[in-house]
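A.B. asks: Heads up: the protein sequence lines correspond to chains Z and X, in order. Using the numbering used here, read the first sequence as starting at 10 and increasing by one per residue. Using the numbering used here, read the second sequence as starting at 14 and increasing by one per residue. This is the structure I want to talk about, given as C-alpha cells.
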Amino acid sequence: MSELLETLSGKLHEKFGSNLIKASMDYDFPVFLIEKNSLIEILTYLKTDPEMGFNFLTTLCGVHTPNNTGAEFGVMYQLQNMEKNWRIRLKITMPEDDLKVPTLTVLWPAANWMERQEYDFFGFNFTGHPDLRRILNMDEMNYFPMRKQYPLEDAGREDKDDKFFGR
Amino acid sequence: MIEKHNIKTDSPEKEYSTLNLGPTHPATHGIFQNILKMDGEIVMHAEPTIGYIHRAFEKIAEHRPYYQITTLTDRMNYCSSPINNLGWHMTVEKLIGCEVPKRAQYLRVIIMELARISDHVICDTIIGQDTGATTGFLYFFQMREKIYEIYEEICGARLTTNIGRIGGLERDFTPKAWQKLEAFMVEFPKYLKEFQSLIERNRIFMDRTIGCGPITIEKALSYGFTGPNLRAAGLDYDVRVANPYSSYEDFDFKIPVGKSGDTYDRFMVRLQEMWESVSIIRQAIDKMPEGPFHADVPDFYLPEKQDVYSKMEALIYHFKIVMGETDVPKGEVYHAVEGGNGELGFYLISDGGRAPFRLHFRRPCFVYYQAYPEMIVGGLLSDAILTMSSMNVIAGELDA
C-alpha cells in the first residue's frame, strides 16, 4: 500500500501543489491532509480521473479536537477504488469559528445522510447540502452532542471521574 | 390538421393522499417511518425519518474502555451480532498489533459464518413472508433457533452475544458446541434445500419479486451500497475477498452475484451465500488447526479465573483490564468486515487514553437506506414493502 501512497502523493502534489499539506501512512491506509478549499476539486479529480477511479465513498466522519488550536474540527473522508482494491483517507481541518465544509452530495448522493449525521453530531455547516437537518437526534435539540465539551452523563457525577484512575 | 385542446380544470394540481408508513408498522420490521405521498396505489414521493432508537453509541464509546464497547456493537445489527463483536475485536487487535492464533481465527470464521446464515435466514424468510409465503417463515426460521443454541454453547448468550475477546475467544468450543454444530451442518442443508425448492422457482413468488425495487449498478455505487444488495446489482465486491481478515483467504468460496438488483436477485444472492457459508464452515471444521484459542496479550485478555485467585501477577492484570488501565498505542485504524448486510467498518482514533478518542461506525444500512425513496417512487405500495424487507434494513444499525 505504500507504493499507492507514493504514486498518489506524487500525482496530487503535481496537480494541486501546496493544497496537499501532508501525506503519510497510517497502519494500512494512505492518509492525505488537504486544504479545505480544494476539497471538491481534489475529490472530483480522484473520482473522475480514469487512472484514479475512486468512485466509491466508503464513509465520512467528523472529529472534534479541542486542544488542537486553530484546527479544532476535522472531517475525514474514505474513498475506495473497488476495481484495484485501493482505499485512501483524506482529511481536512478547520478552526472552531469556521465550520463551513463544501458538500459532497454533488459527487455522491450517499454523502447526503452521512453529512446530515455529522451535522447532527458536530454542527458542521455543509454548504450546498440539499437538506441539512438533524437526522438521528430530535429537531428541538439545541447543541451538538458529539463535541467534547458535552459530558455523556450528568456533569455532577463524580464516581466515574478520571481522577480516580490516576489520570 | 389536428388541433390540440388542453383540458383545463379548476384545481391547480393533483392532490395526493399522505400515508404514514411506520414508525411502528408490522411490515417495516423495525422502528422507522416513511411518509408517503400516494396517487391511489402508486407511491409518488417518500420521505424517510429515522432515529427513533438512536442510542448515541459513538458518544458512549468515547467514555468506555475498549472491552466494554463490544456490548454496544451487539446492539447494532442484532441479527448477526457476532460479526459486529468480532469486527470490533479485530479493529482493536489491528491497533495494538496483536496476531491472533490460527485456531482462534478459524473458530471466528465459523462463528461469523453462522451469524451470516442467521442474518440471511431472517431476511430471506421475511421476503417470503411479505409476499405471502408464510410457510418458509414459520418452517425455515427454526434454523435460526439452532444457530442461537450454538451461540449459547459458545458464549452463553443468544441474541446480544458479546462473543469473543480482544486477542481471541473467551473459551474454546465445548464438546457440546461441536456436537450441536455437527448436527446443524447435517440438518441445515436439508432445510435450506427444501426452502429453496419451495420458493426459488415459485411462479407467484417470481411474478411478485422480479423487477420489484430494482437498482442499477451505477446508482448502487453512488449510494454506497455494499454487501448482498450491491452484489445483487452485479458487482462482485466482498470484503472477505478484497481485504481478507481472520484467515478468510484460506477458504475456497464463490461470491454470488445478481444482475438486475431487484428483490428477486437480492433474495437469490442471499440464498446462494447461505450455501457458500455452509461450505466455509465445513472447510473450517475440516481444516481446524490445533493450538491456543487466544493470543498471549495479558494487557487485554483476562487471565484465568483460577490464576486471579492464586497468582499475584494475574490479579494485577485482571485489575488493570477491568479498571481500563492498560496502555493503548496512539493511532488511527479503520477495519472493515463483511457484515450480514454490507461492509461494516470501525474507524477508531486512539489518543492513548482508556477510551477511544473517537469511534465511528460505518453502518452499511444507514448508508444504503437513503436510496430507498428513489427505489420505490413510481411503484406500488406493496412493492415498497417488499423492497424494504429485501434491503435488510435493521433499525438498530440504522440508528446506532
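For glycine and all other residues, C-beta sits at the position ideal for the given N, C-alpha and C.
Whose Cβ in chain Z lies nearer than 8 Å to the Cβ of ASP412(X)?
C.D. replies: In chain order: LEU145.
A.B. asks: Run through the DSSP bridge pairs and tell me what GLN89(Z) is partnered with.
C.D. replies: Its beta-bridge partners are PHE65(Z), ARG96(Z).
A.B. asks: Under DSSP, the beta strand (DSSP E) around GLU60(X) begins and ends at which residues?
C.D. replies: Its beta strand (DSSP E) spans residues 55–62.
A.B. asks: With DSSP as the reference, identify every bridge partner of GLN46(X), one or two as the case may be.
C.D. replies: GLN46(X) pairs with THR62(X).
A.B. asks: Would you please verify whether the beta carbon of MET123(Z) is less than 8 Å from any beta carbon of chain X?
C.D. replies: At least one chain X Cβ lies under 8 Å of MET123(Z).
A.B. asks: Flag HIS375(X) as yes if its beta-carbon sits less than 8 Å from any beta-carbon of chain Z, otherwise no.
C.D. replies: The sequence shown places Arg at residue 375(X), not His. Yes, its Cβ sits closer than 8 Å to a Cβ of chain Z.
A.B. asks: Classify ASP265(X): buried if its beta carbon has 16 or more other beta carbons within 10 angstroms, exposed otherwise.
C.D. replies: Flag for ASP265(X) reads exposed.
A.B. asks: Mind checking who ASP52(X) pairs with in its DSSP beta bridge?
C.D. replies: DSSP lists ILE55(X) as partners of ASP52(X).
A.B. asks: For ALA408(X) and LYS50(X), what's the separation of their Cα atoms in angstroms?
C.D. replies: So the two alpha carbons sit approximately 23 Å from each other.
A.B. asks: Report yes or no: is there a C-beta of chain Z within less than 8 Å of the C-beta of ILE407(X)?
C.D. replies: No, ILE407(X) does not count as interfacial toward chain Z.
A.B. asks: Taking a cut of 7 Å between CB atoms, which residues from the region 150–162 of chain Z lie near chain X?
C.D. replies: Within the region 150–162 of chain Z, the qualifying residues are PRO154, MET155, LEU161.
A.B. asks: Is the distance from the Cβ of GLU105(Z) to the Cβ of GLU81(Z) below 8 Å?
C.D. replies: Closer than 8 Å, so yes.
A.B. asks: Whole angstroms are fine: how far does the CA of PHE359(X) sit from the CA of GLY416(X)?
C.D. replies: This structure leaves residue 416(X) out entirely; chain X is present only between 14 and 413.
A.B. asks: So, are the CB atoms of PHE306(X) and ILE109(X) less than 8 Å apart?
C.D. replies: Taking 8 Å as the Cβ cut-off, PHE306(X) and ILE109(X) do not qualify as a contacting pair.
A.B. asks: Looking at chain X, which residues of the region 100–125 of chain Z have a Cβ within less than 8 Å of any of its Cβ atoms?
C.D. replies: Taking 8 Å as the Cβ-Cβ cut-off against chain X, the residues of the region 100–125 of chain Z that qualify are TRP117, PRO118, ALA119, ASN121, TRP122, MET123.
A.B. asks: Just the C-alpha distance for ASN242(X) and ASP278(X), rounded to the nearest angstrom, thanks.
C.D. replies: Cα to Cα, the separation comes out at about 9 Å.
A.B. asks: Answer with buried or exposed for GLN118(X), where buried requires no fewer than 16 other C-beta atoms within 10 angstroms of its C-beta.
C.D. replies: Buried is the call here.
A.B. asks: Beta-carbon of TYR36(Z) versus every beta-carbon of chain X: anything under 8 Å?
C.D. replies: True, the Cβ-Cβ gap to chain X drops below 8 Å.
A.B. asks: Nearest to ASP115(X) by alpha carbon, out of GLY180(X), ASP132(X), ILE167(X)?
C.D. replies: According to the sequence shown, residue 115(X) is Lys rather than Asp. Answer by Cα proximity: GLY180(X).
A.B. asks: What distance in whole Å lies between the Cβ atoms of GLU351(X) and ASP251(X), which are believed to be in contact at a cut-off of 8 Å?
C.D. replies: That belief holds up - the Cβ atoms of ASP251(X) and GLU351(X) are roughly 6 Å apart, short of 8 Å.
A.B. asks: Compile a chain-ordered list of the residues in the region 36–55 of chain Z whose CB is closer than 7 Å to at least one CB of chain X.
C.D. replies: Result list: TYR36, PHE38.
A.B. asks: With a cut-off of 8 Å, does the C-beta of ASN77(Z) fall near any C-beta of chain X?
C.D. replies: Chain X, which has no Cβ nearer than 8 Å to the Cβ of ASN77(Z), makes this no.
A.B. asks: Output needed for LYS20(Z): all residues of its chain with C-beta closer than 6 Å, excluding positions within five of it in sequence on either side, in chain order.
C.D. replies: Closer than 6 Å at the Cβ level, and outside the excluded window around LYS20(Z), lies no residue.
A.B. asks: I want to see whether chain X comes within less than 8 Å of ASN64(Z), judged by CB atoms only; does it?
C.D. replies: It does: the Cβ of ASN64(Z) has a partner Cβ on chain X nearer than 8 Å.
A.B. asks: Measuring alpha carbon to alpha carbon, tell me which of LEU113(Z), VAL72(Z), PHE153(Z) ends up nearest ASP364(X).
C.D. replies: Closest option to ASP364(X), Cα to Cα, is VAL72(Z).
A.B. asks: Within 10 angstroms of its Cβ, does ASP142(Z) collect 16 or more other Cβ (buried), or is it exposed?
C.D. replies: Position check: residue 142(Z) holds Arg in this sequence, whereas Asp was assumed. ARG142(Z) comes out exposed.
A.B. asks: Suppose the cutoff is 6 Å on Cβ atoms and the five residues either side in sequence are ignored; what does the same chain contact list for ALA40(X) look like?
C.D. replies: Cβ within range, chain order: ILE398.
A.B. asks: Tell me whether ALA74(X) sits in a helix, a strand or coil according to DSSP, three-state version.
C.D. replies: Three-state result, ALA74(X): helix.
A.B. asks: Of all the options GLY79(Z), THR136(Z), GLY137(Z), LYS100(Z), which has the alpha carbon lying nearest to the alpha carbon of THR68(Z)?
C.D. replies: Ranking GLY79(Z), THR136(Z), GLY137(Z), LYS100(Z) by Cα distance to THR68(Z) puts LYS100(Z) first.
A.B. asks: Of the choices TYR261(X), SER259(X), ASP340(X), PHE280(X), whose alpha-carbon is the least far from that of PRO269(X)?
C.D. replies: Minimum Cα distance to PRO269(X) is reached at PHE280(X).
A.B. asks: How close, in whole Å, do the beta carbons of GLY274(X) and ASP132(X) come, if the pair is a contact with beta carbons under 8 Å?
C.D. replies: At roughly 19 Å, the Cβ-Cβ gap does not stay under 8 Å, so GLY274(X) and ASP132(X) are not in contact.
A.B. asks: Out of MET301(X), VAL134(X), ARG216(X), which has the shortest C-alpha to C-alpha gap to ILE123(X)?
C.D. replies: Among MET301(X), VAL134(X), ARG216(X), the Cα nearest to that of ILE123(X) is on MET301(X).
A.B. asks: TYR250(X) touches chain Z at which residues, Cβ-Cβ below 8 Å?
C.D. replies: Per Cβ cutoff of 8 Å: MET91.
A.B. asks: Could you check how far apart the C-beta atoms of MET89(X) and GLU410(X) are, in whole angstroms? I think they sit under 8 Å.
C.D. replies: About 4 Å; that satisfies the 8 Å criterion.
A.B. asks: Measuring CA to CA, which of LEU361(X), ASN47(X), GLY64(X), ILE63(X) is closest to MET57(X)?
C.D. replies: It is ASN47(X) whose Cα lies nearest to the Cα of MET57(X).
A.B. asks: For a cutoff of 8 Å on Cβ pairs, would you count ASN94(Z) as touching chain X?
C.D. replies: It does; some Cβ of chain X falls within 8 Å.
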